[in-house]
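Residue numbers (our numbering): 23 to 552.
For each residue, glycine too, the CB sits at the ideal point set by N, CA and C.
Only a predicted model underlies this, so the values are computations on that prediction, with no experimental measurement involved.
The structure appears right after this line, and notes come after that.
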């Protein structure tokens with residue numbers, strides 16, 4: 023989705039006779055904004071309360087305060103909400119703005135002229151929808167960066183006959199690949215079709231160049247007219263799964279939709295006259311909306327060995343994996359949020375990326391109570407045992423007023439009592455050790471090193487995390503930096519990837535093969551003596 027700015031004229035479907043000039047701007051990260059020079063409304067103000075006393079307004083102050091008191095009534099600028107705003111760009115392109123929230127940007131009391139700003143949720147290009155109920159998308163086609171390289175299916179073949187100065191290029195679109203159905207939305211991988219103007223061929227057109235480029239889409243068919251938001255949620259979920267699969271952030275580069283419209287249909291009669299009728303015609307439109315975490319479009323050249331997995335690894339199961347991806351995002355929401363935030367923030371400082379992955383692993387361990395030991399003793403044993411004894415010691419320990427040398431403050435006493443609730447929880451080192459022990463059979467045999475090396479890795483990772491979290495200068499000097507911090511980050515990322523692959527129901531054998539094939543595991547941490 024590309025940025026653009028265009029002037030045009032705008033109106034409400036209920037008042038097409040009132041057109042207002044304005045400028046529409048769009049950016050994938052900040053969304054669409056309509057700036058109107060003028061207003062759709064009779065007044066820019068609304069009554070908000072009765073004023074206690076009559077106040078003569080100062081023009082300049084009343085504007086900046088955003089509130090005007092007049093004739094004993096307090097008024098404020100209106101903040102209109104419009105489901106639909108229609109427009110015509112300077113190139114006569116039809117535009118529908120859907121779900122719009124407005125406010126007055128500027129108002130001149132002397133001239134009575136206003137400038138309105140509307141934040142727009144969705145932009146539909148090349149069509150006018152008169153109301154919300156008429157927004158019925160038959161299907162949506164999404165392009166992602168690096169998607170076709172990940173799918174790795176092409177219908178283009180090049181033939182060079184031996185000994186002949188000839189070149190044959192054949193294109194037959196690959197067959198569509200059905201993945202799954204979610205909430206009555208059918209999801210498939212589809213490919214661009216062949217479109218040639220039949221009139222050119224009929225009149226013997228001469229071609230001097232040919233440009234054949236296959237486009238690969240994720241397609242969402244919507245036979246039951248599900249809401250646009252449901253479709254958008256699915257395409258964003260798939261973008262996240264694709265980013266996880268290729269190990270770099272993928273971006274949504276375009277979203278188009280197909281709708282049915284009614285157009286005039288002149289029918290020729292035997293006497294040479296025409297009867298005007300109507301027919302249904304399919305129209306392709308462009309859909310724009312904001313994606314704050316959509317990285318800049320970049321078709322990075324990726325090899326098989328740099329991706330975590332490719333389509334051919336999961337061809338028969340991608341639909342099930344996608345469904346499981348959505349389910350697990352609900353089950354492990356903080357884990358996925360931390361992972362995706364790190365992935366979609368390429369300029370994130372390395373230490374913050376490291377902390378995000380560490381926290382994701384810690385949360386993942388905490389959420390898997392059936393698999394991992396989250397506490398040292400059962401709660402009943404802990405509460406009735408050492409917890410009670412420690413609580414008695416804290417309660418009976420003298421305060422500052424009794425023992426000015428060793429006594430503790432009331433605030434510190436409350437802090438100590440609060441910490442007792444968490445002393446039974448296992449440490450971060452224990453959590454990392456349990457996760458690594460659980461997945462060690464899925465990692466290359468020399469991953470990190472021997473048992474002692476893995477213990478040292480856990481210690482370095484935990485101590486570095488504590489140093490960056492608690493801002494202890496002494497600890498920070500001992501924390502990993504530079505190349506070692508990079509290695510810790512990559513190693514922890516591989517461990518998190520393995521955990522999530524298991525959650526997506528990849529078999530252990532498949533996971534082991536994928537990690538062994540992926541060259542990124544070669545960046546894992548090793549002790550300095552290596």
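Check, Outcome
"N- and C-terminal bounds of the alpha helix (DSSP H) containing residue 363", "355-365"
"Outcome for residue 32 when other beta-carbon atoms lying within 10 angstroms are tallied against a minimum of 16", "buried"
"Residue 372 - containing beta strand (DSSP E), residue span", "Element bounds for residue 372: not the beta strand (DSSP E) but the alpha helix (DSSP H), 372-389."
"Local conformation of residue 550 per DSSP, three classes", "coil"
"Backbone secondary structure at residue 180 - three-state DSSP", "strand"
"C-alpha distance - residue 365 paired with residue 346, whole-angstrom precision", "20 Å"
"Residue range of the alpha helix (DSSP H) that includes residue 490", "473-492"
"Counterpart residues of residue 298 in DSSP-defined beta bridges", "288"
"Beta-bridge partners of residue 166, as assigned by DSSP", "274"
"Residue 240 and residue 144 closer than 8 Å at C-beta", "no"
"Cα-Cα separation between residue 35 and residue 127, rounded to whole angstroms", "23 Å"
"Whether residue 281 touches residue 158 by CB criterion (8 Å)", "yes"
"Residue 439, DSSP secondary structure in three states", "helix"
"Helix, strand or coil at residue 128 according to DSSP, with G and I counted as helix", "strand"
"Check whether residue 497 and residue 488 have beta carbons under 8 Å apart", "yes"
"Exposure of residue 173, with buried meaning 16 or more beta-carbon neighbours within 10 Å", "buried"
"Nearest to residue 267 (by Cα), restricted to the options 465, 124, 355, 536", "536"
"Range covered by the beta strand (DSSP E) that runs through residue 108", "103-111"
"Inter-residue CB distance, residue 344 and residue 464 (contact presumed, cutoff 8 Å)", "With 8 Å as the limit, residue 344 and residue 464 do not qualify as a contact, their Cβ atoms being about 22 Å apart."
"Residues near residue 80 in its chain [Cβ-Cβ closer than 8 Å; skip 5 each side]", "With a pLDDT of 49 at residue 80, under the threshold of 50, the predicted position of this residue should be treated as unreliable, and no value is reported."
"Proximity of residue 50 and residue 313 at Cβ, strictly below 8 Å", "yes"
"Assigned secondary structure, residue 501 (DSSP; H/G/I helix, E/B strand, else coil)", "coil"
"Cβ pair residue 368, residue 271 closer than 8 Å", "yes"
"Within 8 Å, strictly: CB atoms of residue 546 and residue 492", "no"
"Nearest-angstrom Cα separation, counted from residue 354 out to residue 389", "7 Å"
"Same chain, Cβ closer than 7 Å to residue 116, five either side skipped, listed in chain order", "110, 148, 149, 150"
"Three-state class that DSSP yields for residue 447 in the structure shown", "strand"
"Sufficient close CB pairs (3 or more, under 8 Å) joining the segment 403-415 to the segment 369-381", "no"
"For residue 57, the three-state DSSP class (helix, strand or coil)", "strand"
"Limits of the unbroken beta strand (DSSP E) element including residue 46", "37-49"
"Contact set for residue 523: own chain, Cβ-Cβ below 6 Å, skip 5 residues either direction", "533"
"Span separating the alpha-carbon of residue 254 from that of residue 294", "49 Å"
"Nearest to residue 197 (by Cα), restricted to the options 214, 332, 292", "214"
"DSSP beta-bridge partners of residue 193", "178"
"Residue 308 - partner residues in DSSP beta bridges", "147, 278"
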